[in-house]
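Add 1 to the 1-based position in the sequence shown for my numbering, that's all there is to it. Okay, structure first, notes after.
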Amino acid sequence: MGRVTYDFGGRVALVTGSSRGIGRATATLLAKSGADVIVHYRRDGDAARAVAAEVERHGRHAHLLCADLGSAEAVAAMMDAVARDVGHLDLLVANAAATAFKPITELKAHNVSRTLETVVHSFVALVQHAVPLMRGRGASIVTVSGFDTVRVIEGHGMLAAAKSALETMTRYLGVELAAEDIAVNGVMPGMVDTDSARTWAERTGGGDLGQDPANWARRTPRGRVAMPVEIARIVAFLCSDDARWLVGQTIVADGGLTLV
Ligand SMILES: NC(=O)c1ccc[n+]([C@@H]2O[C@H](COP(=O)([O-])OP(=O)(O)OC[C@H]3O[C@@H](n4cnc5c(N)ncnc54)[C@H](OP(=O)(O)O)[C@@H]3O)[C@@H](O)[C@H]2O)c1
């Protein structure tokens with residue numbers, strides 16, 4: 002797991018989709034760095050409870066919240082619970098995402114609306130609920146985008162469109178909240194070794210990246226695929242005081258994949 006570079010003692014972090022993958026690595030690293038963590042998940046309660054236990058092993062408080070980000074009511078209920086049970090928020094990491102991996106010509110209307118609700122609508126609602134809990138605390142909001150916004154990836158058109166909106170909102174919010182000392186920035190991962198990356202490859206064949214992670218590694222100048230913690234470290238940096246002069250930026254963290 003990640004080394005500790007920052008001190009988030011006394012801070013409260015909400016990491017969406019922290020039951021697995023990049024979100025799990027982020028929740029664990031922030032806890033290891035001193036933050037109390039609200040572990041959010043959709044379906045896999047056992048996995049989320051395991052992450053909460055990891056947070057507590059680092060001596061931090063863990064709150065467990067289940068909400069389908071595709072439901073406006075569920076997002077509002079989750080943020081009401083944060084306001085009621087915690088009362089403030091320092092770090093919001095908008096990490097969760099889901100989509101149907103299909104070419105745009107094959108998308109059904111519900112695939113489009115579901116992806117937009119999960120990634121775009123939920124982010125607006127999360128931020129609107131979070132900002133009143135963040136004021137005056139030198140807080141940070143970090144978005145997790147993806148390299149599909151700048152490269153065409155098999156079956157990723159809809160998610161990429163939603164993530165492009167997320168990157169744009171990162172820029173606008175960065176400016177809107179700058180004077181309130183709420184830092185808003187994002188990270189754009191390349192290929193990361195997670196369940197969903199493997200599921201995507203199985204379902205779509207992976208296009209010219211292929212199905213085999215060894216091929217993803219060959220295509221990446223660093224010569225390997227990122228581990229989730231390597232993205233978590235960028236998130237931690239963006240949450241830290243060292244990143245306070247970044248406003249509305251989305252940092253490419255891809256081992257060089259999009260440069261070649
Ligand atoms: N892996 C990569 O190669 C890669 C590359 C670029 C960008 N990214 C981005 O990085 C982020 C994390 O990716 P990952 O690979 O770590 O994902 P992952 O392993 O699939 O985990 C996704 C997380 O999001 C949650 N989630 C999914 N749909 C949700 C919904 N409707 N409501 C609430 N929670 C939901 C899942 O909860 P449950 O398990 O409970 O359903 C899970 O905790 C995503 O935004 C992804 O687009 C990943």
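Glycine is no exception: its CB is placed at the ideal position from the N, C-alpha and C atoms.
Nearest-angstrom Cα distance between R204 and F102?
In the sequence shown, counting from the first residue as 1, residue 204 sits at position 203. In the sequence shown, counting from the first residue as 1, residue 102 sits at position 101. Roughly 7 Å separates the two Cα atoms.
Have a look at the DSSP bridge pairing and note the partners of N112.
Start at 1 with the first residue of the sequence shown, and residue 112 comes out as number 111. The partner list for N112 (beta bridge, DSSP) is empty, contrary to what the question assumes.
May I ask you to report which of helix, strand or coil DSSP gives D242?
Position 241 of the sequence shown, counting from 1, holds the residue named residue 242. It is helical.
With a Cβ-Cβ cutoff of 8 Å, do A98 and L127 count as a contact?
Sequence index remark: in the sequence shown, residue 98 carries index 97 (1-based). Sequence index remark: in the sequence shown, residue 127 carries index 126 (1-based). Contact: no.
Buried or exposed: where does Y7 fall if 16 or more other Cβ atoms within 10 Å of its Cβ makes it buried?
The count along the sequence shown starts at 1 and reaches residue 7 at position 6. By the neighbour-count rule (16 or more Cβ atoms within 10 Å), Y7 is buried.
So what's H59 in DSSP terms, helix, strand or just coil?
On the sequence shown, position 58 is the one that residue 59 refers to. Three-state DSSP puts H59 in coil, outside helix and strand.
Could you spell out the range, first to last residue, of the beta strand (DSSP E) harbouring L263?
Coverage of the chain is limited to positions 2 through 261, which leaves residue 263 absent and any answer about it impossible.
G207 and E168 look like a contact to me (Cβ under 8 Å); what is the Cβ gap, rounded to whole Å?
If you number the sequence shown from 1, residue 207 lands on position 206. If you number the sequence shown from 1, residue 168 lands on position 167. 23 Å between Cβ atoms; not a contact.
For ligand 1, is there any heavy atom lying closer than 7 Å to the beta carbon of L197?
One-based indexing of the sequence shown puts residue 197 at position 196. Looking at the sequence itself, residue 197 is Ser, so the reference to Leu does not match. Yes.
Quick check on DSSP: helix, strand or coil for N186?
Along the sequence shown, read from residue 1 onward, the residue named residue 186 stands at position 185. DSSP places N186 in strand when its eight states are reduced to three.
Under a three-way DSSP split, which group does I142 fall into?
The residue labelled residue 142 in the question sits at position 141 within the sequence shown. Of the three classes helix, strand and coil, the one that applies to I142 here is strand, per DSSP.
Thinking L174 and P222 are a contact (beta carbons under 8 Å), I'd like their distance in whole angstroms, please.
Reading the sequence shown from its first residue, position 173 is the one you call residue 174. Reading the sequence shown from its first residue, position 221 is the one you call residue 222. Not quite, the Cβ-Cβ distance comes to about 31 Å (not below 8 Å), so this is no contact.
Give the straight-line distance between the Cα atoms of R219 and I232, rounded to the nearest whole angstrom.
Here residue 219 refers to the residue found at position 218 of the sequence shown. Here residue 232 refers to the residue found at position 231 of the sequence shown. Rounded to the nearest angstrom, the two C-alpha atoms are 19 Å apart.
Return the CA-CA distance between A48 and E57, expressed in angstroms with no decimal places.
Reading the sequence shown from its first residue, position 47 is the one you call residue 48. Reading the sequence shown from its first residue, position 56 is the one you call residue 57. Computed Cα separation, rounded: 14 Å.
Whose C-alpha, out of A78, D213, M159, L31, is nearest the C-alpha of I235?
Within the sequence shown, numbered from 1, the residue matching residue 235 stands at position 234. Answer by Cα proximity: L31.
Can you check whether the CB of M189 is closer than 8 Å to the CB of V226?
As a working mapping, residue 226 is identified with position 225 in the sequence shown. As a working mapping, residue 189 is identified with position 188 in the sequence shown. Contact: no.
Excluding the 5 residues preceding and the 5 following D194 in the sequence, name in chain order all residues of the same chain whose CB lies nearer than 8 Å to its CB.
The residue you call residue 194 lines up with position 193 of the sequence shown. P214, V226, A227, M228, P229, listed in sequence order.
Spatial neighbours of G199 within its chain, please: C-beta separation below 8 Å, excluding the five flanking residues on both sides.
One-based indexing of the sequence shown puts residue 199 at position 198. First, the residue type needs correcting, since residue 199 is Arg and not Gly in the sequence shown. Closer than 8 Å at Cβ, skipping near neighbours: P214.
Looking at N112 and ligand 1, is the gap between the Cβ and the nearest heavy atom below 7 Å?
Residue numbering aside, residue 112 sits at position 111 when the sequence shown is read from its first letter. N112 Cβ: outside cutoff for every heavy atom of ligand 1.
Rounded to whole angstroms, what is the Cα-Cα separation between V134 and P104?
Taking the first residue of the sequence shown as position 1, residue 134 is located at position 133. Taking the first residue of the sequence shown as position 1, residue 104 is located at position 103. Before going further, note that residue 134 is Leu rather than Val in the sequence given. For L134 and P104, the distance between alpha carbons rounds to 39 Å.
Going by alpha carbons, who is nearest to E107 out of A73, G158, W201?
Here residue 107 corresponds to residue number 106 of the sequence shown, with the count starting at 1. Of the listed residues, the one whose Cα sits closest to E107 is G158.
Taking the alpha-carbon positions, what's the Q212 to L258 distance?
Within the sequence shown, the letter at position 211 stands for residue 212. Within the sequence shown, the letter at position 257 stands for residue 258. Approximately 16 Å between the Cα atoms of the pair.
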